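Working notes, beginning with the structure itself.
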Amino acid sequence: MSERIGEQLTRLSRGDPIGVTVEGDRYEGDVVGTKRWLCELNHGFMESGEIRIRVELDAETVDRHELPGAYVRIVATENAPRSWDVPRASSYDPVEDEVVTELGSVTAIDVGSTPA
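According to our numbering, the residues represented by the sequence shown are 910 to 1025, in order.
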C-alpha cells in the first residue's frame, strides 16, 4: 500500500484538493507545495529519493483536530524506483520551516475531491 500512496504523492500538483487519512483521522485541504528528490544510481549505489507535499487544511479540519496551524506536511522516502516507505504526516509551520507535531502514518489519500 505504501508504494501506491508514494506514487500518488508524485502526481500531486499545487491547487489539488485532497483528503488524507492518518492513523484513522481525516485531514482535508489543498496542496500548496511539492518538492521531489529523485531516487538515483550513484557509483553503483542506489541513493534514496524523497517527496514532500505541503497541504493547507480547511478551517473545519483545523478546528476538528485542534491543530496548532493550518498546514500539514507529508513526507515519503523512495528507497529504489517506485519502492516507497510508508509516508508520514506532520503538523507543519511553513514560516519556521519545521515540524510542530507528528501526526503518524498516512494510510490513504483521496485526490481531486475531499469526501467526508
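Glycine residues also receive a C-beta, built at the ideal position from the N, C-alpha and C atoms. Computed from a predicted model, the values in this text were never measured in an experiment.
Query raised in the report: Which ranges does the alpha helix (DSSP H) cover as unbroken runs of at least 4 residues, wholly within the stretch 918 to 1006, from first to last along the chain?
Result: List check, alpha helix (DSSP H) in window: 968 to 974.
Report task. Going by CA-CA distance only, name the one from N988, I983, W993 and E969 that's closest to V929. Result -> It is I983.
Report task. Compute the beta-carbon to beta-carbon distance between V964 and D939, rounded to the nearest angstrom, for a pair I have assumed lies under 8 angstroms. Result -> Right, the Cβ-Cβ distance comes to about 7 angstroms (below 8 angstroms), so this counts as a contact.
Requested in this report: Thinking A985 and E959 are a contact (beta carbons under 8 angstroms), I'd like their distance in whole angstroms, please.
Outcome: The Cβ separation is near 7 angstroms, so the contact holds.
Requested in this report: Would you grab the beta carbon distance between R961 and T919 for me? Rounded to a whole angstrom, and I think it's under 8 angstroms.
Outcome: At roughly 11 angstroms, the Cβ-Cβ gap does not stay under 8 angstroms, so R961 and T919 are not in contact.
Query raised in the report: Is DSSP giving G1013 helix, strand or coil here?
Result: In the three-state reduction of the DSSP assignment, G1013 falls in the strand class.
Report task. Name the residue from R935, A1017 and S922 whose alpha carbon lies nearest to the alpha carbon of E975. Result -> Of the candidates R935, A1017 and S922, the one whose C-alpha sits nearest the C-alpha of E975 is R935.
Query - Own chain partners of R991 with C-beta closer than 7 angstroms, once the 5 adjacent residues on each side are dropped - result: Result list for R991: E912 and E916, in chain order.
Query - Sheet register partners of I1018 (DSSP bridge) - result: Answer is V929, bridged to I1018.
Query raised in the report: Alpha carbon to alpha carbon, what distance is there between S999 and I927?
Result: Annotation: I927 to S999 spans about 16 angstroms, alpha carbon to alpha carbon.
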